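Presented below is the structure to which this report refers.
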DNA sequence: CAGATCAGCGGGGTTCCCTC
DNA sequence: GAGGGAACCCCGCTGATCTG
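Numbering (full-length UniProt numbering), first residue to last: 1 to 293.
What follows is the structure, encoded as structure tokens:
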């Protein structure tokens, strides 16, 4: 991989049609990180290595000037997407009854201690979820759960559509997936009311859409939507339970509760401006990628 | 009672697919 | 290639409920 000063300089590079970056540039730390673990293979790397060997004499080794990337550092620092803690080749599919039982047993444990982080272990993949927002002690559960058309009425009050969607996002394989993947995982929850017809299914889709919407405007959001790849990414996918609990209490009662104003999105025309997309050709400045299915 | 949180709603924008 | 429709996300507003 090499840096180009601008896009035009990169036109000579070759990338496979199904190109996905294998290294990520951490602008905050100014380091490159290998993010291809589990996805790399000689089949992908050999053509690139051959091309490099054939063309290395004509390639520039110049680095991006600080004034090109430097001015963007502050913005990017908040946009860094961590790689998953572990990888899985499992893809989302409807759960069998035994899989549902297994998940529900774990989910029960997770919500027995809502003030603690929890690690779901399914399909050989570990998904760590943080404590439920706003819960800092072992609750007595006296509060009544708010009514919700898609949730069962006899559930703890702190089990909301937001918490369930957050768990479903956390359980996405490698922390990435589509909205329908999230819906599929959500259906395994014991707190979701049975979907009786296709109308209820559509309703679930729009409810999840709204929940994802709200989740990614939170302070320290747990999800981000990757527009080019049309995937939702679990931003906390590399945190462990200790980190979750530490951050939970930092933001908890007595902690820093200064609410960050909702990040105003760039105007769409601006966000899509190709001139603003200065990422090096083979480096993910933003999301990590997984192979196209 | 005020503020925070959760959730629903609807208009607007973008992208993709299909048809002509 | 242009146009239309569908699907989806973006964003602000509002109301219900809970908490201190």
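By construction, the Cβ of each residue, glycine as well, lies at the ideal position given by its N, Cα and C atoms.
Computed from a predicted model, the values in this text were never measured in an experiment.
Neighbour-count burial assignment, residue i, 16 or more Cβ in a 10 Å radius
{"i": "residue 263", "result": "Residue placement at residue 263 is flagged as unreliable, the pLDDT there being 40, under the threshold of 50; the coordinate-derived value follows with that caveat. With fewer than 16 Cβ atoms within 10 Å of its Cβ, residue 263 is classed as exposed."}
{"i": "residue 168", "result": "buried"}
{"i": "residue 131", "result": "buried"}
{"i": "residue 70", "result": "For residue 70, the predicted structure reports a pLDDT of 36, less than 50, and the residue's modelled location is therefore unreliable. A value from the coordinates is still provided. So residue 70 counts as exposed."}
{"i": "residue 109", "result": "exposed"}
{"i": "residue 155", "result": "buried"}
{"i": "residue 6", "result": "With a pLDDT of 34 at residue 6, under the threshold of 50, the modelled position of that residue is not reliable, and the figure given next carries that caveat. Exposed: under 16 other Cβ atoms inside 10 Å."}
{"i": "residue 28", "result": "Here residue 28 scores only 45 on pLDDT, less than 50, and its place in the model should not be relied on; the value that follows carries that caveat. Result: exposed."}
{"i": "residue 201", "result": "exposed"}
{"i": "residue 232", "result": "buried"}
{"i": "residue 153", "result": "exposed"}
{"i": "residue 170", "result": "buried"}
{"i": "residue 121", "result": "exposed"}
{"i": "residue 97", "result": "exposed"}
{"i": "residue 181", "result": "buried"}
N-terminal and C-terminal residue of the beta strand (DSSP E) that residue i is part of
{"i": "residue 226", "result": "223-226"}
{"i": "residue 231", "result": "231-234"}
Unbroken alpha helix (DSSP H) run spanning residue i, endpoints
{"i": "residue 192", "result": "Where residue 192 is concerned, there is no enclosing alpha helix (DSSP H), given that its DSSP letter is neither H nor E."}
{"i": "residue 179", "result": "179-186"}
{"i": "residue 166", "result": "161-170"}
According to DSSP, residues forming a beta bridge with residue i
{"i": "residue 151", "result": "192"}
{"i": "residue 176", "result": "233"}
Checklist entry - Of all the beta strand (DSSP E) runs that stay within the bounds of the segment 106-138, which reach a length of 3 or more residues? => result Those beta strand (DSSP E) runs which fall completely within the segment 106-138 and span 3+ residues are 118-122 and 125-129.
Checklist entry - Are at least three pairs of beta-carbons, each pair with one atom in the segment 203-212 and one in the segment 109-128, less than 8 Å apart? => result no
Checklist entry - Three or more C-beta pairs closer than 8 Å, one from the segment 81-98 and one from the segment 225-242: is that the case here? => result yes
Checklist entry - Any contact of the segment 171-181 with the segment 148-162, i.e. 3+ C-beta pairs under 8 Å? => result The segment 171-181 is not in contact with the segment 148-162.
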